[in-house]
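If you read the sequences in order, they're chains A and B. For the record, in the first sequence the residue sitting at position 411 is 411 according to this note's numbering, with numbers rising by one throughout. To convert, take the position in the second sequence, counting from 1, and add 489; that gives this note's numbering.
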Amino acid sequence: MTLVWLIAIPLVGGILSFALSRFSALAARVLALVAMTAQLSLAITLWPSSTSAADPWLQALQARWIPQLGISFSLTIDGLSLLLILLTGLLGIVSVGISWSQIDERVGLFHLNLLWVLAGVTGVFLAMDLFLFYFFWELMLIPMYFLIDLWGHERRHYAAIKFFLFTQLSGLLMLVAIVALFFTHLQQTGVATFEYQQLLSTPLAPLSGMLMMLGFLVAFAVKLPVVPLHTWLPDAHTQAPTAGSVVLAGLLLKTGGYGLIRFVVPLFPEAARAFSVPALVLAVIGILYGAHMAFAQTDMKRLIAYTSVSHLGFVLLGVFTWNALALQGAVIQMLSHGVSTGALFVLAGILQHHLGTRDMAAMGGLWRVVPRLGAAMMFFSMAALGLPGMGNFIGEFLTLLGTYHLSVSFAVVAAAGLILALVYSLWLLDRVLYGPSRDPLAIPDLRASELAIVAALALAILCLGLAPQAFLNISAQALDALLGPGGAP
Amino acid sequence: MASPLYLIPLLPLAASLLLGLAGSRLPRVVVAIIGVGATAASFVLTAWAGSHFLSGSLQGQTQVLYRWLSLGELQPSIAFYLDPLSLVMCAVVTFVGALILLYSAQFMAEDDGYARFFCFMNLFVGSMLTLVLADNLLLLYLGWEGVGLCSYLLIGFWYRERRNVTAAFKAFLITRVGDTALLIGLLLIFTQLGTLQIQELMQRASLQWPVGSSLAVAAAALLLGGAVGKSAQLPLQTWLPDAMAGPTPVSALIHAATMVTAGVYLIARMHVVFELAPIVQWLVALVGAATLLLAACSALTQWDLKRVLAYSTMSQVGYMLLALGVGAWSAAIFHLFTHAFFKSLLFLSGGVVIQGLEEEHNILKMGGLRRDFPLAFWTFLIGAASLSAIPWVTAGFFSKDAILNAAYGSNVGFWLAGLIGALLTSVYAFRMVFLVFFGERRLEPRRRQGLVTAVPLVVLATLAVVAGYLNLPHGGTGAFTALLRGSFLSTASAAPGEGGAAASLQVLPIIATLAGLAIAALLYLRQPRWAENLGTAPAIRVLHRFWFVGWGFDWLYSRLFVRPWVYLARLNRADFVDAFYTGLAAVTIALHRLLSLSQTGRVRSYALAAAVGTLVLLAVVVLR
């Protein structure tokens, strides 16, 4: 039942928060915070005490839903899901916390949408029935649309519609692929089922396998994002309210990476192998092009948004390299990127809230004005450029190491992305923190609550960088099971 | 009971954390005590560990703090390795570091970023110690990047001036290019040898890779790439002169004594890999020889005192690479050792003058300052003498002599480069001395030197003289070489230079040095007119200009890399990929408009359309 609670807590919390907001906005906020804290605490209790069991599944739950069609309410958690749900809980608390002083309108509705996105994300990480998976996939889309459209910035309608169209259209392709897989399996075996475990071994003709694989791949590639399907991302991240950007960058993009690892390669191993070279090329292009575009921006949030394109290129690289090192790297990269980019969006959001602009040309010399915020921005920029000791380095190093086993040239070109990462990170610091202060700016530095948020994220990133073994152990079994025998490098 | 090695880097790191979190609320005295004390305590620990080590069996020893990560064969630990080489490096870093921090306690007294300064400096010392003590390449890389970060933070310490920030950006970026080569080297080494543990991988390399094998060459070349970035050697040398934008103690510690020699340390540490790739080792010597000449020429033309010293550092590190390239491992480390003393001494005593003249860096505007800054004068003179390798009485003489001897034994071309370099070194070193301290007094000093800053000057000046006697050549004690032999056991040519140049040729470097001194005295002390006349010749002016801008590398890189990159970024700010989707949207909207035109609301036109449609359909059916 724990698994149901993980989803139900934010769902119900959102509704209660909406109801309470009629009486007090503060109560709505407190309730949302309590709900997300409860979810995180519950997820922590799932942390396995020993990782020696052969079975990768930590907990499973299966209930009949629409038995005629073989649709079940099937939730399962393994190490991979657990890590991502922990990230969801952490960033959920961060998003509620950062909205405390930044969201004043329709507070209840805001928290309803925010918590429902988080519930959808949690469901995506847990669902083991493809129909149910698709349900959660849609569940996280619609509230996110409202978060951008109702609480976003100046071009919010445009960004929200763009986000919706990209995600919805690619999601429909995935739905077609799911249905096709369902019928193929039905034809081959006579069993009607959407259950992941059973569909895993469906024999597929090369062409239909490739088409179905592409259906899934496009949906996840839009989310990850993969160049050239990335252009919704800078608009959505930039226009979303701070909490929306944190959830988008920190969690929604991770559902793409998760989908690749969980579904694309295991369901269609041959097709994925056949497609691996184009995918690796796209990954490397994403790393370099994302970094280049990040440098080109003048809007602070847009710059940070493009860094995601670059960083998550490493995830695509790791997934299509498909060996233990690279996959572990991809997982650590997802967690670290969620934390570090989430933190950068928090900081950018605070600055925008105080300055009323995201234009970096209007900033400069802010380190002197807001030294704590400056130090935090320095810290997370260093994480973004892959400084050893921080989680992102472990993710990138392991991914590169795995890739090098497969192909020296891909690894070398991807490693050039580390140089470019330094360029955009330092450029951000250069524009925002350094130089002479403009006119005497009097904006407040980080408050205690903001400091607490930033400190928690900083600790998480150091933990991932200096003591990653606990995380590696948790995901190792799940990944070993996915890799199958002979998957180790 | 061996001393806990991990405390050596951990103490400065902890001090840095403490100062970073609470520094702005602590009184300055406390900040200084923490800032200087932590590094000094590290030195005491190093001395303790060293005395244990020297009285023991001299075997390398590893102390594991914890396992960093464990994935199949990838088992790097946070572990520290003590052997003669890392002991020497630790001693240099903590000893010189503590002295420079002591100097800074007074030198930086009026800066608002006092706590921030000590926080970054201790972070640097901790990272540098991690680098030199690391038992595996991944931890070494952590330290390697850590010192790069600190270098960036400290070059841009006065971040309100754009110039400083740009210099910091440039330094971090160019070294990152080298760092990335090093990282790819790590990938190669781990993939091929299955370990990143330094001693283990060198053993496996010598078993698995035949001499000259392409893997060994690739690995060594990638390591060299990392080294030339950090050590400011060709072709990644351009960041070092600009790095002088940082406070003077930073230049002394990071950009003279320690961080820029990290590349030398890396090559020495990984010497087995280089011995397996003779062609790369030859390249190391070539890079060193070329850099030492280029940088020495540029040093001749600078007017900014700190830039002269920066080019001089580049040139001296070139000597170290030359030594490494000819297999004179311990000679390279010995020069690193003496250079740390005399070069940081030059920076610190120069810093006294610069601060005394209220940030005047231009040596052409100075002159006759020896009575105003007597201690700075004498210590700077000792530093310059040691840098120029004035025979028998300076440390620099013994270390440079060892390098030239070894070079002669290997390749006369390299020896010649070193010889010419010795002449140039002595010219630019004494050019500084004469221009700053002799001649007419043109500037009125505003400040006197503080007492605290005097201590490091005296100590370093003493060492700049006596450190050479640790390693007397030609039947002398040779204690330093003997000690380091423990780190270079596998090396056949552990003691090069024994069969080096003949006695008559050994006189040549001495002559070169003295000739340089004479030239400098003539041009900048006796007959300044001559120097001016020389400068008016057109050919000389062009050459002067060319050397002044560092042989045009900045110009080249700016056109090759920076401008195209920025141009493309500006051009494509709106992301051309998006044009496809917005185009798609535009087409959709246009079609929508077109179709909605037909929705006129006039029944007549609807009837007409229906009739035409029916006719067309009928025609299709009938005419088939």
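By construction, the Cβ of each residue, glycine as well, lies at the ideal position given by its N, Cα and C atoms. What you are looking at is a predicted structure, and each value in this text was computed from that prediction instead of being measured.
**Q.** Boundaries of the beta strand (DSSP E) in which A60 of chain A is found, first to last residue
**A.** 57 to 66
Q. Do you know offhand how far P143 of chain A's Cα is from V117 of chain A's?
A. 6 angstroms
Q: Note down, in chain order, every chain B residue with its Cβ under 7 angstroms from the Cβ of P388 of chain A.
A: Y630, L631, E634
Q. Do you know how far the Cα of V636 of chain B is from the Cα of P1160 of chain B?
A. Because chain B here runs from 490 to 1113, residue 1160 of chain B falls outside it and cannot be looked at.
Q.
Under 8 angstroms, with one C-beta from each stretch per pair, do the stretch 589 to 597 of chain B and the stretch 937 to 947 of chain B reach the 3-pair mark?
A. yes
**Q.** Chain-order list of residues whose beta-carbon lies under 6 angstroms from that of V339 of chain A (same chain, five-residue window excluded)
**A.** L457, A460, I461
Q | Interface flag, S982 of chain B vs chain A, CB-CB below 9 angstroms | A | Confidence at S982 of chain B is low in this model, with a pLDDT of 46, below 50, so its placement is unreliable and the value that follows should be read with caution. No, S982 of chain B lies away from the interface with chain A (no Cβ there is under 9 angstroms from its Cβ).
Q. Would you call the CB atoms of A778 of chain B and F903 of chain B closer than 9 angstroms?
A. yes
Q. At a Cβ threshold of 9 angstroms, is A330 of chain A touching chain B?
A. no
**Q.** Simplified DSSP state of V370 of chain A, which is helix, strand or coil
**A.** coil
Q.
With distance defined between alpha-carbon atoms, name the residue in B:L500, B:T790, B:S804, B:L1104 nearest to L1023 of chain B.
A. B:T790
Q. Would you call the stretch 470 to 481 of chain A and the stretch 79 to 95 of chain A in contact, with 3 or more CB pairs under 8 angstroms?
A. yes
Q: Please list the partners that I419 of chain A has in chain B, where partner means a Cβ-to-Cβ separation under 8 angstroms.
A: L662, R665, V666, T669
Q) Are the beta-carbon atoms of L428 of chain A and I285 of chain A separated by less than 9 angstroms? A) no
Q: Drop a sphere of 10 angstroms on the beta-carbon of S804 of chain B, count the other beta-carbons inside from all chains shown, and report buried for 16 or more, exposed for fewer.
A: buried
Q. What residues match up with F569 of chain B in a beta bridge as DSSP calls it?
A. B:Q552, B:A623
**Q.** Residues sharing a beta bridge with A127 of chain A, DSSP
**A.** A:L75
(Q) List, in chain order, every chain A residue whose beta-carbon is nearer than 7 angstroms to that of F658 of chain B. (A) L426, D430
Q.
Please report whether the beta-carbon of F430 of chain B lies at a distance below 9 angstroms from any beta-carbon of chain A.
A. Since the displayed chain B opens at 490 and closes at 1113, residue 430 of chain B lies outside it and no answer follows.
**Q.** Listed by chain order, chain B residues near V423 of chain A by CB distance under 7 angstroms
**A.** L662
Q.
Within the continuous alpha helix (DSSP H) that includes P945 of chain B, where are the two ends?
A. 943 to 955
**Q.** Chain-order list of residues whose beta-carbon lies under 8 angstroms from that of L924 of chain B (same chain, five-residue window excluded)
**A.** I852, L853, M855, G856, Y1013
**Q.** Nonlocal neighbours in the same chain, by C-beta distance under 6 angstroms from A981 of chain B, ignoring five residues either side
**A.** Caution is warranted here: a pLDDT of 46 is assigned to A981 of chain B, below 50, making its placement in the model unreliable, and the coordinate value is therefore given only provisionally. Cβ neighbours of A981 of chain B beyond the five flanking positions: none.
Q.
Assuming contact is defined by CB atoms lying nearer than 9 angstroms, are D445 of chain A and R372 of chain A in contact in what I supplied?
A. yes
Q | Beta-carbon proximity check, L712 of chain B vs V761 of chain B, cutoff 9 angstroms | A | no
Q. With 9 angstroms set as the bound, which would you pick, yes or no: does the beta-carbon of F679 of chain B sit closer than that to a beta-carbon of chain A?
A. yes
Q) Can you find a CB in chain A that lies within less than 9 angstroms of the CB of Y555 of chain B? A) yes
Q) Buried or exposed: where does P67 of chain A fall if 16 or more other Cβ atoms within 10 Å of its Cβ makes it buried? A) exposed
Q. Using 9 angstroms as the limit for Cβ to Cβ distance, is F397 of chain A near chain B?
A. yes
**Q.** Cβ of N1061 of chain B within 9 angstroms of any chain A Cβ
**A.** yes
(Q) Tell me the DSSP secondary structure of E195 of chain A in three-state form. (A) strand
Q. Do you know how far the Cα of P730 of chain B is from the Cα of L782 of chain B?
A. 16 angstroms
Q) Sorted by chain position, which residues of the same chain lie with C-beta nearer than 6 angstroms to F320 of chain A's C-beta, five sequence neighbours on each side aside? A) S276, A279, L280
Q: Kindly indicate which three-state DSSP category N851 of chain B falls into: helix, strand or coil?
A: strand
Q: At 7 angstroms on the CB atoms, spell out the chain A contacts of D1064 of chain B, in chain order.
A: T231, M293
Q: With 8 angstroms as the limit, tell me which residues of the stretch 712 to 746 of chain B have their beta carbon closer than that to any beta carbon of chain A; keep them in chain order.
A: none
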